[in-house]
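Peer 1: Heads up: the first sequence at position 296 corresponds to 315 in the numbering used here, and the numbers run straight through without jumps. Each residue gets a CB set at the ideal place from its N, CA and C atoms; glycine is no exception. A quick note: this is a predicted structure, and the numbers were derived from the prediction, not measured. Take a look at this one; I'll ask things after.
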Amino acid sequence: MHDPRVLLDPATDAVRKLARRGYSLDLERLEKLLGGRNAAIQKGDESRAEANRLQKAVKGASPEERPALVEKAREMKASITLAEEEHRELEAQLTEYLLEIPNLPADELPDGASDEDAVEVRTWGEIPAVENPLDHVDLGEKLGILDLPRATKLSGPRFAVLKGRGAALERALARFFLDLHTERHGYTEWSVPALVTRPTMTGTGQLPKFEQDLFRTEVADRELFLIPTAEVPLTNLHARETLAAEELPLAYTAQTPCFRSEAGSYGKDTRGLIRVHEFSKVELVRFVDPARSREELEVLLGHAEAVVQALGLAYRVVRLAAGDIGFSAEYTYDIEVWLPSQGRYREISSVSDFGTFQARRAGIRTKAKDGARGFAATLNGSGLPVGRTLVAVLEQGQQPDGSVRIPPALVPYTGFEVLEPA
RNA sequence: GGAAGCGUGGCAGAGCGGCCGAAUGCACUCGCCUUGAAAGCGAGAGACACGAGAGUGUCCGGGGGUUCGAAUCCCUCCGCUUCCGCCA
20 MHDPRVLLDP
30 ATDAVRKLAR
40 RGYSLDLERL
50 EKLLGGRNAA
60 IQKGDESRAE
70 ANRLQKAVKG
80 ASPEERPALV
90 EKAREMKASI
100 TLAEEEHREL
110 EAQLTEYLLE
120 IPNLPADELP
130 DGASDEDAVE
140 VRTWGEIPAV
150 ENPLDHVDLG
160 EKLGILDLPR
170 ATKLSGPRFA
180 VLKGRGAALE
190 RALARFFLDL
200 HTERHGYTEW
210 SVPALVTRPT
220 MTGTGQLPKF
230 EQDLFRTEVA
240 DRELFLIPTA
250 EVPLTNLHAR
260 ETLAAEELPL
270 AYTAQTPCFR
280 SEAGSYGKDT
290 RGLIRVHEFS
300 KVELVRFVDP
310 ARSREELEVL
320 LGHAEAVVQA
330 LGLAYRVVRL
340 AAGDIGFSAE
350 YTYDIEVWLP
360 SQGRYREISS
370 VSDFGTFQAR
380 RAGIRTKAKD
390 GARGFAATLN
400 GSGLPVGRTL
410 VAVLEQGQQP
420 DGSVRIPPAL
430 VPYTGFEVLE
440 PA
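Structure follows, in structure tokens:
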């Protein structure tokens with residue numbers, strides 16, 4: 020959520036920036052709502068100040084003058100109520116409007132609205148030469164580790180069942196990611212709920228605008244949402260808290276299941292593990308000094324890249340176009356791994372700087388030793404999703420004899436070096 | 001799910017319906033003292049909103065009510081603790 024004053028400040032150039040992501044900001048409406056709200060607050064404050072004066076007067080009043088003062092105080096109460104109602108109404112309208120305004124994309128991002136407009140930053144690793152590559156679904160079935168028909172039987176389309184060494188590989192990947200980030204990159208591991216409340220989802224920006232992307236549960240009169248990423252619970256750990264500025268940056272990680280409705284993605288990636296309703300992911304979240312958020316983004320990107328590199332997977336980093344970044348983001352890099360079966364790079368990680376946008380929504384404040392107050396900047400990145408990494412490991416590791424070689428760094432976790440056809 | 005109790009500032013803990021944004025202690029900040037530190041002494045210090053500012057207002061778990069006036073009385077919801085039931 021933005022500070023309306025900042026949006027209204029011509030120096031912010033908010034209208035132009037938001038137009039780059041196809042959002043048309045109505046400055047006039049904003050100004051009217053803010054001005055009206057502030058006026059209502061002032062009116063209420065003045066009435067209340069008067070009421071307070073009257074109360075004191077009543078206390079010291081003689082029996083004769085008392086009834087008149089009490090009567091005036093009664094009247095003042097009505098005027099307070101009126102101003103409060105107006106304030107409440109305008110405040111609600113203002114908040115409702117502010118909550119649906121996306122973050123301002125950074126000027127450094129390229130123009131454009133799709134992944135085609137992303138700019139390649141660098142490539143890493145050697146694209147493996149695979150003759151007649153199989154995709155991960157064919158590989159998984161031949162290896163006897165993937166059972167999609169049974170997944171469909173259990174839960175319908177867009178789910179996955181892994182078996183034997185496939186399940187072990189999934190477990191190994193997650194443990195490998197977590198160990199790397201906690202031991203080498205200094206992240207604190209958390210175990211957090213996968214079901215969260217509406218305010219929590221609003222804090223990171225999934226709500227109110229993107230409810231159709233989420234799975235929602237309801238028991239009795241209690242409503243909870245399944246998280247689409249651990250970003251939601253990890254970032255909201257500090258919702259409505261004040262952090263000591265000196266303690267930043269805070270670096271958190273968690274492995275959680277992630278649930279996505281994938282509404283509107285009909286026909287896209289319908290095969291296999293690429294796009295499913297439920298998957299496991301290790302997420303990285305950083306709370307940082309807003310003045311340093313872009314540097315911190317590079318650090319975070321490095322942590323995510325380190326995982327892909329440790330697995331020896333060929334990948335590239337792209338800078339997303341201004342119109343393609345997420346609602347809450349102001350700057351995003353994607354890491355894309357090479358998928359031999361598709362002959363192209365596919366997204367495996369998204370690393371974003373949210374500035375203070377999420378912190379304002381969630382109320383993540385900072386206080387420095389000298390008393391200076393502000394909001395933290397939040398960043399997050401996948402580090403990494405287990406399913407899509409498994410796809411890359413299978414596809415990039417496939418051998419001419421139909422086996423798949425496990426990346427050496429992972430072997431201590433799997434206990435086996437190769438997957439053989441069943 | 002049933003019964004009882006409790007929810008006050010970073011923590012602990014006071015608080016006759018107006019003198020309470022709230023005593024006191026600890027922690028904290030700054031001085032003095034000290035070679036340095038501790039102790040001691042002195043001073044300061046909550047958050048949020050509106051306002052150019054002076055300042056004004058709000059906040060004692062949330063919401064509602066009584067009253068000219070509520071941390072203090074009433075209702076309700078939520079949370080915590082203890083006992084019972086159930087359960088992984």
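State the DSSP-derived secondary structure class of T368, mapped to helix, strand or coil.
Peer 2: Here residue 368 corresponds to residue number 349 of the first sequence, with the count starting at 1. Contrary to the premise, residue 368 reads as Ser rather than Thr in this sequence. Three-state result, S368: strand.
Peer 1: Taking all protein chains shown into account, decide if L173 is buried (16 or more other Cβ within 10 angstroms of its Cβ) or exposed.
Peer 2: Along the first sequence, one-based indexing puts residue 173 at 154. With fewer than 16 other Cβ atoms within 10 Å, it is exposed.
Peer 1: Classify I354 as helix, strand or coil using the three-state DSSP reduction.
Peer 2: Counted from its first residue, the first sequence places residue 354 at position 335. Reduced to three states, the DSSP call for I354 is strand.
Peer 1: For I383, which option in R338, H257, E266, E281 has the closest C-alpha, if you only look at C-alpha atoms?
Peer 2: Looking up residue 383 in the first sequence gives position 364. That would be H257, whose Cα lies nearest to the Cα of I383.
Peer 1: Enumerate in chain order the residues of its own chain whose CB-to-CB distance from T261 is below 6 Å, with the five nearest sequence positions on each side excluded.
Peer 2: Taking the first sequence and counting its residues from 1, one reaches residue 261 at position 242. Once the five neighbours on either side are set aside, the close Cβ partners of T261 are R384, K386.
Peer 1: Using a 10 Å radius around the Cβ and a threshold of 16 neighbouring Cβ atoms, would you call E324 buried or exposed?
Peer 2: Counting from 1 along the first sequence, the entry for residue 324 is found at position 305. Under this definition E324 is a buried residue.
Peer 1: If we call anything under 8 Å between Cβ atoms a contact, is V301 one with Q274?
Peer 2: As a position in the first sequence, residue 301 is number 282, starting the count at 1. As a position in the first sequence, residue 274 is number 255, starting the count at 1. Contact flag set, yes.
Peer 1: Can you find the residues in the same chain that come closer than 7 Å, C-beta to C-beta, to N71, ignoring five residues on each side of it along the sequence?
Peer 2: In the first sequence, residue 71 corresponds to position 52, counting from 1. There are no such residues.
Peer 1: Pick out the complete beta strand (DSSP E) segments inside the stretch 250-279, 3 residues or longer, and give them in chain order.
Peer 2: 260-263, 269-278
Peer 1: Secondary structure at Y334, three-state DSSP: helix, strand or coil?
Peer 2: By one-based count along the first sequence, residue 334 stands at place 315. Per DSSP, reduced to three states, the secondary structure at Y334 is strand.
Peer 1: Ignoring anything shorter than 4 residues, give me the alpha helix (DSSP H) runs that lie fully in the stretch 148-204, in order along the chain.
Peer 2: 155-162, 167-174, 184-198
Peer 1: What are the partner residues of V295, as DSSP defines its beta bridges?
Peer 2: Sequence index remark: in the first sequence, residue 295 carries index 276 (1-based). According to DSSP, V295 bridges with nothing at all.
Peer 1: Reducing DSSP to helix, strand and coil, say where R392 ends up.
Peer 2: Here residue 392 refers to the residue found at position 373 when the first sequence is read from its first residue. DSSP places R392 in strand when its eight states are reduced to three.
Peer 1: Apart from the five residues on each side of it in sequence, which residues of its chain come closer than 7 Å, Cβ to Cβ, to M20?
Peer 2: Here residue 20 corresponds to residue number 1 of the first sequence, with the count starting at 1. Closer than 7 Å at Cβ, skipping near neighbours: L117, L118, F376, R379, R380.
Peer 1: What residue range is occupied by the uninterrupted alpha helix (DSSP H) comprising K62?
Peer 2: In the first sequence, the residue the question calls residue 62 occupies position 43. Its alpha helix (DSSP H) spans residues 46-79.
Peer 1: Mind checking which residues open and close the alpha helix (DSSP H) that includes F234?
Peer 2: As a working note, residue 234 is residue 215 in the first sequence. If you look at F234, you'll find it isn't in any alpha helix (DSSP H); it sits in the beta strand (DSSP E) that goes 234-238.
Peer 1: Look at the Cβ atom of K161, then the Cβ atom of F346, and state whether they are nearer than 8 Å.
Peer 2: On the first sequence, residue 161 is found 142 positions in, with the first residue counted as 1. On the first sequence, residue 346 is found 327 positions in, with the first residue counted as 1. Going by C-beta atoms, K161 is not nearer than 8 Å to F346.
Peer 1: Give the C-beta separation of V8 and R424 to the nearest angstrom, bearing in mind that I take them to be a contact with Cβ-Cβ under 8 Å.
Peer 2: No answer is possible for residue 8: it lies beyond the span of the chain, which begins at 20 and ends at 441.
Peer 1: Could you give the DSSP three-state label for V405: helix, strand or coil?
Peer 2: For this step, residue 405 is matched to residue 386 along the first sequence. Reduced to three states, the DSSP call for V405 is helix.
Peer 1: Restricting to Cα atoms, I'd like to know which of D126, S210, G390, L245 is closest to Q225.
Peer 2: Position 206 of the first sequence, counting from 1, holds the residue named residue 225. Nearest of D126, S210, G390, L245 to Q225, Cα basis: L245.
Peer 1: Do you know how far the Cα of E366 is from the Cα of H204?
Peer 2: Sequence index remark: in the first sequence, residue 204 carries index 185 (1-based). Sequence index remark: in the first sequence, residue 366 carries index 347 (1-based). Our two residues, H204 and E366, have alpha carbons roughly 22 Å apart in a direct line.
Peer 1: Check whether the stretch 333-343 and the stretch 302-318 touch, using three or more Cβ-Cβ pairs below 8 Å as the test.
Peer 2: no
Peer 1: Specify whether the stretch 58-65 and the stretch 85-102 touch according to this definition: at least 3 beta carbon pairs, one from each stretch, less than 8 Å apart.
Peer 2: yes
Peer 1: Beta-carbon separation of V326 and L403 under 8 Å?
Peer 2: The residue you call residue 326 lines up with position 307 of the first sequence. The residue you call residue 403 lines up with position 384 of the first sequence. Yes.
Peer 1: Buried or exposed: where does D389 fall if 16 or more other Cβ atoms within 10 Å of its Cβ makes it buried?
Peer 2: Within the first sequence, the letter at position 370 stands for residue 389. Burial call: exposed.
Peer 1: Which value, in whole angstroms, describes the spacing of the CA atoms of P276 and G362?
Peer 2: To locate residue 276, count along the first sequence from 1; it is residue 257. To locate residue 362, count along the first sequence from 1; it is residue 343. P276 and G362: Cα-Cα distance of roughly 29 Å.
Peer 1: Comparing alpha-carbon positions, which option in A341, Q418, V356 lies nearest S133?
Peer 2: Taking the first sequence and counting its residues from 1, the one referred to as residue 133 is at position 114. Checking every option, the nearest Cα to that of S133 belongs to A341.
Peer 1: Throw me the rounded Cβ distance for the A396 and G416 pair, which I believe falls under 8 Å.
Peer 2: As a working note, residue 396 is residue 377 in the first sequence. As a working note, residue 416 is residue 397 in the first sequence. Not really, about 38 Å apart at Cβ, beyond 8 Å.
Peer 1: On the DSSP letters alone, give me the boundaries of the alpha helix (DSSP H) that V89 sits inside.
Peer 2: Residue numbering aside, residue 89 sits at position 70 when the first sequence is read from its first letter. Its alpha helix (DSSP H) spans residues 85-118.
Peer 1: How about E315 and P268: are their beta carbons less than 8 Å apart?
Peer 2: Here residue 315 refers to the residue found at position 296 of the first sequence. Here residue 268 refers to the residue found at position 249 of the first sequence. The answer is yes: Cβ separation under 8 Å.
Peer 1: For K386, which three-state DSSP category applies?
Peer 2: Counting from 1 along the first sequence, the entry for residue 386 is found at position 367. Reduced to three states, the DSSP call for K386 is strand.
Peer 1: Please identify the residue among Q328, A76, R235 whose C-alpha is closest to the C-alpha of V356.
Peer 2: Counted from its first residue, the first sequence places residue 356 at position 337. For V356, the nearest C-alpha among the options comes from Q328.
Peer 1: Answer with buried or exposed for F435, where buried requires no fewer than 16 other C-beta atoms within 10 angstroms of its C-beta.
Peer 2: Indexing the first sequence from 1 puts residue 435 at position 416. Flag for F435 reads exposed.
Peer 1: How is the alpha helix (DSSP H) around L243 delimited, first residue to last?
Peer 2: Residue 243 sits at position 224 when you count from the first residue of the first sequence. Run containing L243: none in the alpha helix (DSSP H); it sits in the beta strand (DSSP E), 241-245.
Peer 1: In the DSSP assignment, find the unbroken beta strand (DSSP E) run with T219 in it and report its ends.
Peer 2: Taking the first sequence and counting its residues from 1, one reaches residue 219 at position 200. Run containing T219: none in the beta strand (DSSP E); it sits in the alpha helix (DSSP H), 217-223.
Peer 1: Out of S371, Y364, L181, which has the shortest C-alpha to C-alpha gap to T142?
Peer 2: For the purposes of this step, residue 142 is taken as the residue at position 123 of the first sequence. Checked all of S371, Y364, L181; the closest Cα to T142 is Y364.
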